[in-house]
Amino acid sequence: MVIYVDGRFVPKAEARVSVFDHGFLYGDGIFEGLRSYGGRVFKLAAHVERLYHSAKAILLQVPMVPASMEQAILETCRRNQLQDGYIRVVVSRGEGDLGLDPRKCPKPTVVIIAGGISLFPPELYSTGLKVITVPTRRNISEGVNPRIKSLNYLNNIMAKLEANLAGYSEVLMLNHEGYVVEGTADNVFLVDAKGNLITPPLHAGILEGITRNTIMELAGGMGMRVEEKLFTRYDVYVARECFLTGTAAEVIPVIEVDGRMVGDGRPGPVTRSLMEGYGRLAQREGTPIY
Ligand code: PXG
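Using this note's numbering, the first residue of the sequence shown is number 1, and each one after it goes up by one.
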């Protein structure tokens with residue numbers, strides 16, 4: 001495996017960043033996670049655009065234009081002969097001193113890793129996930145806005161730890177007002193009693209997931225009514241179906257929340273057709289690596 005580090009391709013064992021890098025010292029940086037399917041990078045332009053938006057929000061100047069970033073991602077995939085894989089792009093504030101002043105970091109660090117994926121076990125896609133809600137709330141938008149895909153994932157990791165302590169592997173996170181907003185690395189959808197697809201709006205304090213946008217388009221194309229609106233745990237308990245979406249997880253059914261069975265406790269028909277539709281799209285679309 002070779003890794004892109006600041007414009008050079010280096011073997012995995014030699015890929016290093018400084019212990020003075022503010023990405024390491026303070027989580028001062030941003031990232032993206034992409035997938036490739038059959039030698040094509042899925043939603044490349046959308047991920048690169050979100051990376052630059054995250055950078056802008058934290059006043060970080062990525063040291064290349066977006067078109068060069070796309071090329072660097074594709075070149076990293078080529079050098080690793082990637083077919084079906086997971087790609088991580090990280091841009092940090094760079095090396096500075098031990099104070100947190102970003103002015104001491106003259107050069108951002110750019111790392112691109114093209115490798116394998118660690119997914120939910122395949123059987124969970126047919127049986128569905130059991131999740132809980134936890135005490136840790138999603139960051140408020142007036143703090144580190146959840147729309148920024150920052151290197152600060154402690155908020156989500158705390159929620160994951162609480163789930164793990166209770167014997168679960170995924171959670172539904174609530175925002176500071178108690179609305180259901182996200183998984184730890186996934187967006188959330190419901191199918192309500194009328195058969196409408198519902199997902200929290202961006203102003204609830206969520207990452208604008210690229211899979212989320214794809215699923216909303218796909219569902220619209222299948223003639224479903226899609227609404228972005230706030231919902232509570234109660235709405236999830238009485239929903240017909242619930243699922244999570246994300247680049248790594250794709251579409252994964254949720255069949256139990258806080259001990260309440262969702263629907264009949266099995267992945268529902270809407271979830272299953274969206275899982276299928278997403279899979280087909282991912283195999284068909286994407287920027288060719290080769
Ligand atoms: N919400 C949060 C908080 C996320 O971190 C998503 C939603 C889904 O977004 P996309 O654009 O992927 O549909 C994410 C995804 C991983 C991984 O390896 C994914 C994310 C973060 C860390 C790891 O699955 N972000």
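For every residue, glycine included, the Cβ atom is placed at its ideal position computed from N, Cα and C.
Query, Result
"Is Arg-137 close to the ligand PXG? I mean its beta-carbon at under 8 Å from any heavy atom of the ligand.", "no"
"Just the C-alpha distance for Val-144 and Lys-229, rounded to the nearest angstrom, thanks.", "22 Å"
"Could you work out which residue in Val-91, Ala-67, Asp-235 is closest to Ala-46 when comparing CA atoms only?", "Ala-67"
"Flag this pair as yes or no: are the beta carbons of Asn-175 and Gly-220 separated by less than 9 Å?", "no"
"Please classify Glu-276 as buried or exposed, where buried requires at least 16 other C-beta atoms within 10 Å of its C-beta.", "exposed"
"So, for Phe-231: in the same chain, excluding its five sequence neighbours on each side, which residues have a beta-carbon less than 8 Å away from its beta-carbon?", "Tyr-179, Val-180, Leu-190, Ile-198, Pro-200"
"By DSSP, does Pro-108 sit in helix, in strand, or in coil?", "coil"
"Measuring CB to CB, does Tyr-237 end up less than 9 Å from Val-262?", "yes"
"Cα separation between Ala-15 and Gln-83?", "22 Å"
"State yes or no: is the C-beta of Ile-148 within less than 9 Å of the C-beta of Ile-73?", "no"
"Could you tell me the alpha carbon to alpha carbon distance between Arg-103 and Ile-157, rounded to whole angstroms?", "29 Å"
"Quick one: residues in its chain with C-beta nearer than 6 Å to the C-beta of Met-173, no 5 flanking neighbours on either side, listed in chain order?", "Arg-138, Ala-159, Val-181, Glu-182"
"Quick check on Ser-126: buried or exposed, where buried means 16 or more other Cβ atoms within 10 Å of its Cβ?", "exposed"
"As a quick exercise: from Met-224, Val-251, Pro-63, Leu-44, pick the residue whose alpha carbon is nearest that of Leu-129.", "Val-251"
"For the ligand PXG, is there any heavy atom lying closer than 8 Å to the beta carbon of Glu-14?", "no"
"Looking only at its chain, what residues have a beta carbon closer than 8 Å to the beta carbon of Lys-12, apart from the 5 residues adjacent to it on each side?", "Met-1, Val-2, Ile-3"
"Under 7 Å Cβ to Cβ from Arg-260, same chain only, skipping five residues before and after it: list those, please.", "Tyr-237"
"With a Cβ-Cβ cutoff of 9 Å, do Ser-36 and Cys-77 count as a contact?", "yes"
"To which residues of the same chain is Val-171 closer than 8 Å at the C-beta, ignoring the five residues directly before and after it?", "Val-131, Ile-132, Thr-133, Val-134, Ala-159, Lys-160, Glu-162, Ala-163, Gly-183, Thr-184"
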